[in-house]
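Participant: Questions regarding the structure given below will be posed in turn.
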Amino acid sequence: MMWRLFFILVLSFSQWGAANCKVCTNFNTDIAEDKRKAAAAPHHEHPADIHSLDEFNWAKMKRKLERFKVPDHFLKQVPLHNVRLDPKGLHGRAQKMTLDYLLMLDVDRLVWSFRKTASLRTRGKPYGGWEKPEEELRGHYVGHYLSATALLWASTHDQRIQDKMSKVVNALHECQQKLGSGYLSAFPSEQFDRVEALKDCWAPYYTIHKIMAGLLDQYKYAGNQKALKMLTWMVEYFYKRVQNVISKHSIERHHLMLAEEHGGMNDLLYRLYNVTGDPKHFLLGRLFDKPCFLGALALQEDELSGYHSNTHIPIVIGAQMRYELTGDPLYEAIGTYFMDIVNSSHSYATGGTSVREAWSDPKRLATTLETQNEETCTTYNMLKVSGNLFRWSKEMAYADYYERALTNGILSIQKGPGVYIYFFPLGRGVSKAISHWGWGKPFDAFWCCYGTASETFSKLGDSIYFEEEGKIPTLYITQFISSSLVWESGNAEIHQIAHPVFSWDPIFRVEFSFPVKGTANEATLNIRLPFWSSSVGAKAEFNAQNLPLPPPGSFLSVTKKWNAGDKLTLELPINLRLEHIQDDRPDFASVQAILFGPYVLAGHSNGDWDIQTKKYSSTKSLSEWITPIPQTYNSLLVSFSQAIRNSTFALSKHGDDHHHHETMISMLNYPQPGTNGSVNATFRLIIDDPNFKGFSSVKDVIGKSVALEPFDLPGMAVAHQGPGKNLTVVRRNSETSKCSSTFRLVAGLDGKKNSVSLEADTSKGCFVVTSGAKTSVKLNRSKSATAPCVRLSCNFKLKKSKKKASFLLSKGISQYDPISFVAKGATRSFLLQPIHTIRDQHYTIYFNITA
Ligand SMILES: [Zn+2]
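Quick note: the sequence shown uses the numbering used here, first residue 10, plus one each step.
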């Protein structure tokens with residue numbers, strides 16, 4: 010979405026800006042007539058076959074549509090009202106965070122610019138970010154808010170959300186009444202005059218689409234009739250507007266206007282037609298089908314490179330809706346082909362697509378890894394594309410894609426209520442906190458991605474269960490998300506518990522039960538067996554009896570009359586695997602991501618990415634060089650802190666992890682968990698004592714000989730280099746007489762409770778101290794600070810020196826995620842954990858893995 014702003018700015022100042030994006034004109038000449046005809050046969054009409062005069066002729070359109078049979082074999086999404094996420098589960102917690110955010114937002118502030126535009130009295134202060142009164146896109150988030158709250162209402166029946174969303178609808182109703190024409194927006198209609206005159210204007214139809222979709226969702230999920238009336242009046246207004254442009258200018262003018270981002274206008278209008286049956290709604294939808302783009306897809310040509318991704322994915326969703334309503338197989342083919350090329354040639358391991366908001370060349374992704382990858386909106390929209398394809402085809406690959414994008418692309422982008430990211434960085438040593446926008450603020454961002462994030466977390470329950478109509482009620486269970494379902498056609502209630510996964514016990518366990526009510530008659534459960542599981546050791550049990558299991562990648566199908574109390578459990582071993590980046594150039598054959606089941610594993614790294622596997626017998630046996638962090642290791646993580654003047658500092662490593670001789674130890678400001686600082690200030694105690702059980706209080710470790718392994722540098726240790734010298738980090742077991750990593754933890758020299766001192770094992774009476782000297786510390790790429798050095802000292806006559814040698818010992822500020830591995834690298838090892846559990850820490854997703 011931001012791209013347009015950038016484009017306008019660049020265009021205003023230079024000529025080369027136009028080269029940054031690809032625009033198709035929608036003139037019939039874009040796609041040669043013979044090509045159109047070849048693609049259209051036997052489907053009669055190619056998207057680029059536009060006849061100005063016919064565009065408003067319903068009788069003609071109807072005759073064309075009557076050639077197709079409307080499909081009736083699709084799976085049905087179960088109503089969102091019937092699905093409840095387990096509040097303790099990963100997805101339930103993510104949904105609750107968004108619920109908290111939507112409740113934080115204030116109705117008067119949300120509708121401020123709508124009231125202003127309608128010349129009604131405003132109340133309170135307008136919001137910031139893209140909702141600021143001077144932003145041309147203002148009001149777009151309010152549309153998303155209407156959709157998100159409607160979805161959340163269906164997902165939770167939380168009365169507070171219903172109160173808020175009804176108030177927003179009522180306020181907008183007042184604005185529309187006051188304006189009197191059907192027009193409803195937070196900006197004046199003058200923006201449409203500009204876009205119709207092909208003058209610069211930031212995507213007014215994009216915003217209108219969000220408001221319209223919000224009103225439709227309010228009707229669809231919350232039964233709000235007023236919202237539907239408001240919507241049809243709005244559509245009436247825009248129908249006239251578009252008709253006017255075409256009769257006054259030409260159909261080409263209308264299509265040129267579509268070069269500007271316009272969201273999923275076609276999708277919305279087709280969905281509305283499905284509700285109202287009003288031909289105008291279909292005809293107007295057809296006019297937003299962007300023929301030059303859908304036309305290329307109809308030719309089965311991958312022309313995506315250069316196009317702005319989030320402008321175009323919603324148009325494909327509209328084409329999919331057109332197929333659902335009409336049965337026109339060309340639009341089925343368009344949706345299928347589009348998903349195919351995105352999934353095979355334009356997608357990262359996270360399921361995301363796009364760099365700097367646009368598609369790059371197919372299978373050339375290795376050189377696109379940076380801080381501005383996969384705009385959140387694109388992942389939200391690709392979930393819709395793949396979800397539709399699954400309903401049509403029941404093909405497992407679409408459910409696999411859905412899981413991949415949801416688990417990695419969506420769960421990764423929320424840090425707290427109203428804290429989302431715009432871009433998802435995928436480069437080497439990147440951080441979610443340091444991309445073009447970083448993490449947004451709850452009241453001052455309201456980017457497009459805030460809208461799609463709000464929606465996507467509100468509807469996490471919408472793609473777990475699908476129904477198939479037939480003699481025997483059938484339920485497809487495609488996602489493993491702890492939840493419950495009131496299954497109407499099965500006349501039953503079903504519970505799903507997806508147990509948390511651990512790297513040290515790589516079995517995925519899920520159970521399905523009928524705790525209250527069984528099915529009235531025979532019913533079928535089709536449960537997805539994911540491709541990432543292994544058939545060796547896989548187990549399915551029904552009420553403690555073994556069931557035969559088909560191979561991973563198929564559905565386990567069980568038909569029976571289910572009784573209350575019945576339970577079906579699955580135990581599926583999870584594989585570690587490597588995935589090549591989608592790049593067919595031999596130079597990049599070594600660029601690979603590491604995955605554990607559905608989880609993309611990120612390595613803690615400031616840019617290192619080299620892994621060499623030649624030491625190991627085969628790259629296929631990943632377990633030789635990727636090993637799980639044992640369950641007991643969290644109790645060995647510690648941090649050392651010290652009060653210096655009025656602040657608290659933590660013993661931290663910093664410098665160059667790659668050239669570890671340059672890694673230093675200093676006292677840095679006490680960090681928050683989830684930050685780079687917390688990674689640098691956490692160490693694992695390595696204690697050579699078989700009886701040692703773990704650290705629960707300071708006295709457990711007093712008197713022990715220890716090594717301190719930096720949290721993100723497995724296999725390395727903090728070392729002293731003799732009295733008066735700074736502490737450093739070395740490879741363990743590479744110590745010399747001058748450089749030792751063994752310390753004895755003794756009671757703090759200052760005599761305080763929970764205080765410890767670190768005595769050098771090889772130089773009795775010498776302790777680790779915070780020295781008066783300072784060193785420069787690079788905090789990130791642009792920020793440096795000075796920090797007290799940490800040294801070994803043997804002089805403790807003064808009380809002051811004893812204080813400097815005493816540290817408060819506490820539990821590690823960082824903790825290992827339950828899914829944590831160590832990957833042995835070429836010059837260092839990497840600590841891996843699922844990308845969705847990473848907050849601000851620096852990470853690398855793709856590694857250079859060579860034999
Ligand atoms: Zn966005």
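For each residue, glycine too, the CB sits at the ideal point set by N, CA and C.
Because the structure is a prediction, the values reported are computed rather than measured.
Hey, which residues come within less than 7 Å of ligand 1, measuring from Cβ to any heavy atom, in chain order?
Facilitator: That query returns the following residues: 10, 319, 384, 385, 386, 431, 456, 457, 458, 461.
Participant: Residues in its own chain within less than 6 Å of residue 713 by CB, not counting five upstream and five downstream?
Facilitator: Within the same chain, residue 713 has close Cβ partners 696, 754.
Participant: Could you have a look at residue 420 and say whether DSSP puts it in helix, strand or coil?
Facilitator: Note: residue 420 maps to helix in three-state DSSP.
Participant: Inspect the CB distances between the region 459 to 471 and the region 421 to 432 and report whether three or more fall short of 8 Å.
Facilitator: With the cut-off at 8 Å, the region 459 to 471 and the region 421 to 432 touch.
Participant: Using the three-state DSSP reduction, which class does residue 284 fall into: helix, strand or coil?
Facilitator: The answer is helix: DSSP assigns residue 284 an H, G or I state.
Participant: How about residue 475 and residue 523: do their beta carbons lie closer than 9 Å?
Facilitator: Not a contact, by the Cβ cut-off of 9 Å.
Participant: Take the Cβ of residue 706 as the centre, count every other Cβ of all protein chains shown within 10 Å, and call the residue buried at 16 or more, exposed below.
Facilitator: Residue 706 comes out exposed.
Participant: Relative to the C-alpha of residue 107, which candidate in 556, 323, 162 has its C-alpha closest?
Facilitator: Residue 107 has its Cα closest to that of 162, out of 556, 323, 162.
Participant: Measuring CA to CA, which of 416, 413, 454 is closest to residue 426?
Facilitator: Taking only the C-alpha atoms, the option nearest residue 426 is 454.
Participant: Starting from residue 160, follow the alpha helix (DSSP H) in both directions and report where the run begins and ends.
Facilitator: Element bounds for residue 160: 149 to 165.
Participant: Rounding to the nearest angstrom, what Cα-Cα distance links residue 854 and residue 803 in this structure?
Facilitator: The straight-line gap from Cα to Cα measures roughly 44 Å.
Participant: Give me the Cα-Cα distance between residue 152 and residue 223, rounded to the nearest whole angstrom.
Facilitator: Using only the alpha carbons, I get a separation of about 5 Å.
Participant: Just to check my reading of the structure: residue 490 and residue 94 have Cβ atoms closer than 8 Å, yes? What is that Cβ distance to the nearest angstrom?
Facilitator: Residue 490 to residue 94, Cβ: 7 Å. Contact.
Participant: Who are the Cβ neighbours of residue 785 in its own chain at under 6 Å, not counting the five residues just before and after it?
Facilitator: Excluding sequence neighbours, residue 785 sits near 793, 795.
Participant: Mind pulling the alpha helix (DSSP H) runs of 4 or more residues that sit fully within the region 438 to 467?
Facilitator: Runs of the alpha helix (DSSP H) inside the region 438 to 467: 457 to 467.
Participant: Can you tell which of 541, 350, 509 has its C-alpha closest to the C-alpha of residue 99?
Facilitator: Among 541, 350, 509, the Cα nearest to that of residue 99 belongs to 509.
Participant: Round the Cβ separation of residue 441 and residue 847 to the nearest angstrom and send it over; I've been treating them as touching at under 8 Å.
Facilitator: Yes, they are in contact, since the Cβ atoms of residue 441 and residue 847 sit about 7 Å apart, within 8 Å.
Participant: Once DSSP output is grouped into helix, strand and coil, what is the label at residue 697?
Facilitator: Three-state DSSP puts residue 697 in coil, outside helix and strand.
Participant: Based on Cα-Cα distance, which residue from 208, 406, 603, 169 lies nearest to residue 844?
Facilitator: For the residues 208, 406, 603, 169, the minimum Cα distance to residue 844 belongs to 603.
Participant: For residue 823, does the count of other Cβ atoms within 10 angstroms reach 16, so buried, or fall short, so exposed?
Facilitator: Classification for residue 823: buried.
Participant: Counting beta carbon pairs with one atom in the region 553 to 562 and one in the region 515 to 522, are three or more of them shorter than 8 Å?
Facilitator: As far as the Cβ criterion goes, the region 515 to 522 does not touch the region 553 to 562, which means the pair count is below three.
Participant: Please report the distance separating the alpha-carbon of residue 205 from that of residue 323.
Facilitator: Approximately 21 Å, taken between the alpha carbons.
Participant: So, under 8 Å CB-CB, residue 548 and residue 497 are touching, yes? Tell me the CB distance rounded to an integer number of Å.
Facilitator: Rounded, the Cβ-Cβ distance is 31 Å, inconsistent with contact.
Participant: Please return the same chain residues whose Cβ sits closer than 7 Å to the Cβ of residue 198, not counting the five positions on each side in sequence.
Facilitator: Closer than 7 Å at Cβ, skipping near neighbours: 192.
Participant: Secondary structure at residue 30, three-state DSSP: helix, strand or coil?
Facilitator: DSSP places residue 30 in coil when its eight states are reduced to three.
Participant: May I have the straight-line CA-CA distance separating residue 308 from residue 296, to the nearest angstrom?
Facilitator: Cα to Cα, the separation comes out at about 20 Å.
Participant: Count the other C-beta atoms from every protein chain shown that fall within 10 angstroms of the C-beta of residue 299, then say buried if there are 16 or more, exposed otherwise.
Facilitator: Flag for residue 299 reads buried.
Participant: Sorted by chain position, which residues of the same chain lie with C-beta nearer than 7 Å to residue 723's C-beta, five sequence neighbours on each side aside?
Facilitator: Correct list, in chain order: 831, 838, 840.
Participant: Going by alpha carbons, who is nearest to residue 606 out of 675, 253, 340, 409?
Facilitator: Cα-wise, what sits closest to residue 606 is 409.
Participant: Just to confirm, is the Cβ distance from residue 333 to residue 397 under 9 Å?
Facilitator: Cβ distance < 9 Å, so residue 333 and residue 397 count as in contact.
Participant: Between residue 387 and residue 416, how many whole angstroms is the CB-CB distance? I'm expecting something under 8 Å.
Facilitator: Actually they are not in contact, since the Cβ atoms of residue 387 and residue 416 sit about 16 Å apart, beyond 8 Å.
Participant: Note down the Cα distance separating residue 599 from residue 590, rounded to an integer number of angstroms.
Facilitator: So the alpha carbons of these two residues sit roughly 9 Å apart.
Participant: Please state the DSSP three-state secondary structure of residue 121.
Facilitator: Helix, per DSSP.
Participant: Taking residue 574 as the reference, give the member of 144, 639, 70, 501 with the closest Cα.
Facilitator: The shortest C-alpha separation from residue 574 is found at 501.
Participant: Quick check on DSSP: helix, strand or coil for residue 255?
Facilitator: Looking at residue 255 - three-state DSSP - the assignment turns out to be helix.
Participant: Bridge partners of residue 863, per DSSP?
Facilitator: Absent from the model: residue 863. The displayed extent of the chain is 10 to 860, so no value can be given.
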